[in-house]
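A.B. asks: Throughout the sequence shown, residue numbering follows this note's numbering, covering 3 to 120 in sequence. What follows is a single structure, and I will ask about it in a moment.
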Amino acid sequence: MSPKILIVENERRLRQFYKVELEAEGYEVMTAANGNDALAKLREAPVHVVIFDLAFSDEAELECLQNLVNDNREAKVMIHAANPAFCMDFRTWAADAFLMKSSDAASLKGAVGRLLET
């Protein structure tokens, strides 16, 4: 059984790019455009890793992130952000990993692999 990954990314093109890249590595990938969509999808099917975009500074998204972490203790959560300031917000500290966005998908694939090993 392939590890399941949920990508939460508000930009459609990035969502699709990450999906294609991770599927090429053999992962089963679902996508969500926002935190509420992600929570709904996680109720339907559990995943091993959640990649959560916090590029948009929205209090509702931070609350969704907290709910996601609390409700899905088995899933590893990675915050994937363009702004490192999110790492300073205590509400993000429950994440298992932080990764700065990059145009190189290799860092994302490497981070997912490391999370799955833990």
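Don't be surprised by glycine CBs; every beta carbon is placed ideally from N, CA and C. Note that this is a predicted model, so its numbers are computed, not measured.
1. List the residues that DSSP assigns as beta-bridge partners of His82.
2. By DSSP's criteria, Lys6 is part of a beta bridge. Which residues make up the other side?
3. Should Val10 be labelled buried (16 or more other beta-carbon atoms within 10 Å of its own) or exposed?
4. Leaving out five residues on either side along the sequence, give the residues of the same chain with a beta carbon under 6 Å from the beta carbon of Ala34.
5. If you check the beta carbons only, do Val71 and Ala47 fall under 7 Å apart?
C.D. replies: In terms of the structure at hand:
1. Looking up residue 82 in the sequence shown gives position 80. Note: His82 sits in a beta bridge opposite Asp55, Leu101.
2. Looking up residue 6 in the sequence shown gives position 4. Beta-bridge pairing links Lys6 to Glu30.
3. Walking along the sequence shown from the start, residue 10 turns up at place 8. So Val10 ends up on the buried side.
4. Counting from one through the sequence shown, the residue named residue 34 turns up at place 32. For Ala34, where only same-chain residues beyond five positions count, the Cβ hits under 6 Å are Val10, Ala40, Lys43.
5. In the sequence shown, residue 71 corresponds to position 69, counting from 1. In the sequence shown, residue 47 corresponds to position 45, counting from 1. No, they are not a contact pair.
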